[in-house]
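Residue numbers (the working numbering), protein chains in the order written: chain A, 1 to 254; chain B, 255 to 552; chain C, 553 to 894.
Where a beta carbon is used, it is the ideal one built from N, C-alpha and C, also for glycine.
Small disclaimer: the values here were computed from a predicted structure and weren't measured.
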Amino acid sequence: MTGKPILRLDDVSKRFGGVVAADEVTFSVFPGRIHGLIGPNGAGKSTLMNLISGIYRPDGGRIYFDGRDVTDAPSHKRAVMGIGRTFQTPRFLQRSSIRDNLLLGADLGSGYGYTASFFGRKVTGFEDYVEQLLEIAGFTFEWEDDISSLPYGQRKLLEIIRSLLGAPRVMLVDEPAAGLNSREIENAMGLLDFAAKEKNIGILLIEHSMDMIMNICRDIVVINFGRVIAAGTPAEIQSNEDVIVAYLGRNLEA
Amino acid sequence: MQGLNILLQPNVFMQLTINGVAMGMIYALMAMGLILLIRAIGVMNFAQGELLMLGAFITWGLTYQVKLPFVLMIPAAMLCFAFVGVVFMFVAYWPLRTASYPTATVISTMGAAMVIREIATITWGSLPLVSAPLVKGVVRVGSLRLQYQYLLTIAIGAVLIFLVFVLFEKLYAGRIMQAAAQDKYAAELLGIPTVLTTAATYIIVVTLASVGGYMIAPVFLVNVTLGTLQLRAFAGVVTGGFGSVKGAIVGSLFIGLVESYSSTFTTTYKDAVVFLVLIVVLLFRPQGLFGERVADKA
Amino acid sequence: MSKKKNAFLSMTVFKVAALSAAFAAFAFYTPRFTNDYSMMIMNVSLINFIAALGLSVMLGMGGQLSFAAVSFMGAGAYFVANLTNGRLGVIWEPVPVLAGAVLFAAFAAWICGAVLFRLGGTYFTFATIGFVQVTWSVYLNYKFLCGGPDGVSGIPVIRFLGMSPRNYHDWFYILLGFVLAAGFLIERVRKSRLGRSLASIRDNEIAAQTLGVNIYRTKVIAFTIAGALSGLAGGLYAMHNQFISSDLFTFDMATTYVIMTMLGGVNNTVGVFVGSILVTMLPEWLRPVQRYLKLSYGVGIILLMIFMPMGLAGLCNAVLKKLSKRILKKTRAEPDTLGWEK
Chain A
1 MTGKPILRLD DVSKRFGGVV AADEVTFSVF PGRIHGLIGP NGAGKSTLMN
51 LISGIYRPDG GRIYFDGRDV TDAPSHKRAV MGIGRTFQTP RFLQRSSIRD
101 NLLLGADLGS GYGYTASFFG RKVTGFEDYV EQLLEIAGFT FEWEDDISSL
151 PYGQRKLLEI IRSLLGAPRV MLVDEPAAGL NSREIENAMG LLDFAAKEKN
201 IGILLIEHSM DMIMNICRDI VVINFGRVIA AGTPAEIQSN EDVIVAYLGR
251 NLEA
Chain B
255 MQGLNILLQP NVFMQLTING VAMGMIYALM AMGLILLIRA IGVMNFAQGE
305 LLMLGAFITW GLTYQVKLPF VLMIPAAMLC FAFVGVVFMF VAYWPLRTAS
355 YPTATVISTM GAAMVIREIA TITWGSLPLV SAPLVKGVVR VGSLRLQYQY
405 LLTIAIGAVL IFLVFVLFEK LYAGRIMQAA AQDKYAAELL GIPTVLTTAA
455 TYIIVVTLAS VGGYMIAPVF LVNVTLGTLQ LRAFAGVVTG GFGSVKGAIV
505 GSLFIGLVES YSSTFTTTYK DAVVFLVLIV VLLFRPQGLF GERVADKA
Chain C
553 MSKKKNAFLS MTVFKVAALS AAFAAFAFYT PRFTNDYSMM IMNVSLINFI
603 AALGLSVMLG MGGQLSFAAV SFMGAGAYFV ANLTNGRLGV IWEPVPVLAG
653 AVLFAAFAAW ICGAVLFRLG GTYFTFATIG FVQVTWSVYL NYKFLCGGPD
703 GVSGIPVIRF LGMSPRNYHD WFYILLGFVL AAGFLIERVR KSRLGRSLAS
753 IRDNEIAAQT LGVNIYRTKV IAFTIAGALS GLAGGLYAMH NQFISSDLFT
803 FDMATTYVIM TMLGGVNNTV GVFVGSILVT MLPEWLRPVQ RYLKLSYGVG
853 IILLMIFMPM GLAGLCNAVL KKLSKRILKK TRAEPDTLGW EK
């Protein structure tokens, strides 16, 4: 592997009651690369994302971001440092306009404080950047409309855009393709590709669509029962015995 | 401290303990209702004190205006409480059950509180009314003088609390009500009529608070200001740990005792002491004295 | 797209123009048709607006129900009263004292918010109820600073560069100035990062965190702003009515402020303005039916929550949106006739 990892998990564990959701998980995310995180339902993928973005605290192990130990940093601090994310079901402000929703992302990216913003400091190039991203995302909207006026697929794409506006260095993307039509999936991949190639963002991608994973990920981590069972390139993963048994095998039974 | 010396005299201490537990029982009756409502409809009822006040007025009216004898007054009062409960539910909650803004339901209970207070003022006037205690006089235990009314309040409160526990823990109807409260949608799918279970909850809540009003009437006079007692019940609910009936009862008794004991130190700042204790408890044990910390899942 | 953008702009311009016209008419006509007594009540409603605006920041923008407005109003009011009427042996200039009252209330709110916001959601609300009871108890009983049950009287009116209001009509214009300033301040907050962050806390705390919003700090800031506005309102009230007592700072009054905010539209400055005036003036306007006033008031609140939980402003916005959609549909069908195109 070349270069230094931007994000590193070191023996991270988390249990809920008797359930082990993460069991000494270790892996790294590199800038400019898309890493796939796959595993059967309930394997602990979303838990890992919540651990990385600071919504949960791990019971054991450390999390390093850009060489710094962020295991005990609160969620918002990690966001400011550059850990962005999207959610399985998009989380927007339902009672605010699309503009305000996106501005929240831009606020994070700009780093202007409340006072500067109060006295009229605006985010420069905000609208241009959004237009540029919309071109990749393949849809348009009215700035002042409510979020709810957008169809589900576009909201999911918009969440990726909002995250990009926050100028992250690592992006955690949770099932971007779920509920999207094939054209929208293409566009989602376009956005992720842009983020990795143009913005040098390290991306951790949870996805059930194997097409998407095998297409755009250079590295894949497979987990089951909270434990890493395999890691490697798509080709290696596809021929890995454990993965076929644990992951594909279970899928076939179901 | 002089206050402490007074408090530690055995007689005074016993006296204050009995008073405190009695008041705590009244708060507990309201607090239990609050919890039942929070479970059933998910919001705090800011009209709880007014329901207590209305109970005091209704029983006073039945006793002194309709002049019913005690044995008839009780069933008549129960009917009234049930009626109030059903009306209260259909006015202040039912139309709002699908409200998108949870604060709306809270505010609507504030509106209901105002309505109840005004109906009471219009019907009975704003002058305090005197209500005779159920059993007059005092019991002497050694040099202790305990008022019957306080002892009776403790006894009746304990019985009611026990009955509610039996209903919810042991009886089928109570289990159905709990199930409906936990998941309305699933309950409807199972054919449980949630209108009825919610109405039953409201009737129980109103009855509990009203009995509290009836018991407290001889101590405080029947007055529209009785409604302010609900803040003590809130304090009880919160100190006990939000969401558990047991916690609410213990918390209410705790508040009653704090209030009672604090009177040896200061009478002017009694209110302040009670609520300072509430704030301090909240800060050091946000989950309440007896609650468990619940981690919310993202 | 630009067509619709222009249409939106026109709507905004129209809204602003209509609002300014309505406000100017209000400022111009109210004093002409109001006697001195009613003017006094009207002035109080303007003061109430300033306090309610603080609540709107907390509840409307941030979704945090706080009852503590009256506590900080009291802080501002007693601060002004004690330092201007000579009962503590000092008679200071009203304007600096008023500024001091705002700072004092803001500071108190900052401390209080920093402590109470360690609690989340409903617990916080209950802690503020407790806080209101504690402060009320102090205002009622503490003779040295709060005058005890008698309150504090003989507070001098505001004076600036040697000028003082001669009557309640003069006061009206002074208060309008404060109202405008407070209104603009809050609108500015709404359109800045602080407003958006608060909205994100209200709507989705988890999203807020992952967008870098420090929830605790943001809430405390909002609470401080609300406290400053309450302190300003309290100080103004003291100077305006020249008498204050603990009756003004009870839990009942606290609920009244919540109702003012909700009636007009919890997240809308104009709505809060209308709500404050309605709630304060209604008892005067409906004097003939005084006996049933509070009853109808309570019924009104319930009806309001059932039919328009976002208040009058919510209703207005819904209507406006429908109208503008209809107009926009028309423009799309016949773009030239309505002339949105520039």
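Any Cβ of chain A within less than 8 Å of the Cβ of isoleucine 773 (chain C)? yes
Exposed unless 16 or more other CB atoms sit within 10 angstroms - verdict on aspartate 888 (chain C): With a pLDDT of 36 at aspartate 888 (chain C), under the threshold of 50, the predicted position of this residue should be treated as unreliable, and no value is reported.
Enumerate, from N- to C-terminal direction, the unbroken beta strand (DSSP E) stretches of 3 or more residues contained entirely within the region 24-84 of chain A. 34-38 and 60-65
When you compare the region 773-788 of chain C with the region 611-628 of chain C, are there three or more beta-carbon pairs, one atom per stretch, that lie closer than 8 Å? yes
Taking Cβ positions only, does glycine 105 (chain A) come closer than 8 Å to chain C? yes
Go to methionine 171 (chain A), then tell me how far its beta strand (DSSP E) extends in each direction, as first and last residue. 170-174
Anticipated Cβ contact below 8 Å, alanine 604 (chain C) with serine 828 (chain C), distance rounded: 5 Å
Taking the alpha-carbon positions, what's the alanine 471 (chain B) to valine 826 (chain C) distance? 41 Å
CA-to-CA distance, serine 96 (chain A) to leucine 561 (chain C), given in whole angstroms: 18 Å
Can you pull out the residues from the region 607-624 of chain C whose beta carbon lies closer than 9 Å to at least one beta carbon of chain B? Leu611, Gly615 and Leu617
Quick one: give me the first and last residue of the beta strand (DSSP E) that asparagine 477 (chain B) is part of. Looking at the DSSP string, asparagine 477 (chain B) is not in any beta strand (DSSP E), and its letter there is neither H nor E.
Cα-Cα separation between alanine 552 (chain B) and phenylalanine 416 (chain B), rounded to whole angstroms: Note on alanine 552 (chain B): pLDDT 36, under 50, position unreliable in the model; no value is reported.
Kindly indicate which residue of C:Ile663, C:Leu650, C:Ala576 and C:Phe724 has the alpha-carbon position closest to the one of tyrosine 589 (chain C). C:Phe724
Measuring CA to CA, which of A:Pro5, A:Pro90, A:Leu9 and A:Val245 is closest to alanine 760 (chain C)? A:Pro90
Is it true that the CB of phenylalanine 65 (chain A) sits closer than 8 Å to the CB of arginine 740 (chain C)? no
Nonlocal neighbours in the same chain, by C-beta distance under 7 Å from leucine 732 (chain C), ignoring five residues either side: none
As a quick exercise: from B:Arg351, B:Ala346, B:Ala409 and B:Thr375, pick the residue whose alpha carbon is nearest that of glycine 278 (chain B). B:Ala409
Can the beta-carbon of tyrosine 720 (chain C) be found less than 8 Å from the beta-carbon of asparagine 595 (chain C)? yes
Check the Cβ-Cβ distances between cysteine 868 (chain C) and every residue of chain B, and say whether any is below 8 Å. no
In its own chain, which residues sit with a C-beta less than 8 Å from the C-beta of glycine 365 (chain B), not counting the 5 before and 5 after it? Ala346
Per-residue DSSP class, three states only, for glycine 628 (chain C): helix
Going along the chain, which residues of its own chain have a beta-carbon closer than 7 Å to the beta-carbon of threonine 451 (chain B), five neighbours each way excluded? Ile430, Met431 and Ala434
Segment limits, beta strand (DSSP E) that includes serine 13 (chain A): 7-16
Decide if the region 488-495 of chain B is in contact with the region 507-522 of chain B; the criterion is three or more beta carbon pairs, one per stretch, under 8 Å apart. yes
Nearest to methionine 81 (chain A) (by Cα), restricted to the options A:Ser110, A:Asn101, A:Asp100 and A:Val19: A:Ser110
Minimum Cβ-Cβ distance from alanine 780 (chain C) to chain A less than 8 Å: no
Where leucine 381 (chain B) falls: helix, strand or coil (DSSP): coil
Buried or exposed: where does proline 382 (chain B) fall if 16 or more other Cβ atoms within 10 Å of its Cβ makes it buried? exposed
Closest by C-alpha distance to threonine 375 (chain B), when choosing among C:Thr832, C:Asn820, C:Trp837 and C:Gln842: C:Gln842
Does the region 44-62 of chain A come within contact of the region 209-219 of chain A, defined as at least 3 CB pairs closer than 8 Å? no
Quick one: does phenylalanine 474 (chain B) have its CB under 8 Å from some CB of chain C? no
Any beta carbon of chain B sitting closer than 8 Å to that of threonine 807 (chain C)? yes
Could you say if the region 644-651 of chain C and the region 606-617 of chain C meet the contact criterion of at least three C-beta pairs nearer than 8 Å? no
Sequence ranges, beta strand (DSSP E) only - wholly within the region 407-476 of chain B, length at least 3: none
Among A:Ile98, A:Ile136, A:His35 and A:Pro40, the one whose alpha carbon lies nearest that of isoleucine 6 (chain A): A:His35
Are there 16 or more other CB atoms within 10 angstroms of the CB of glutamine 302 (chain B), so buried, or fewer, so exposed? buried
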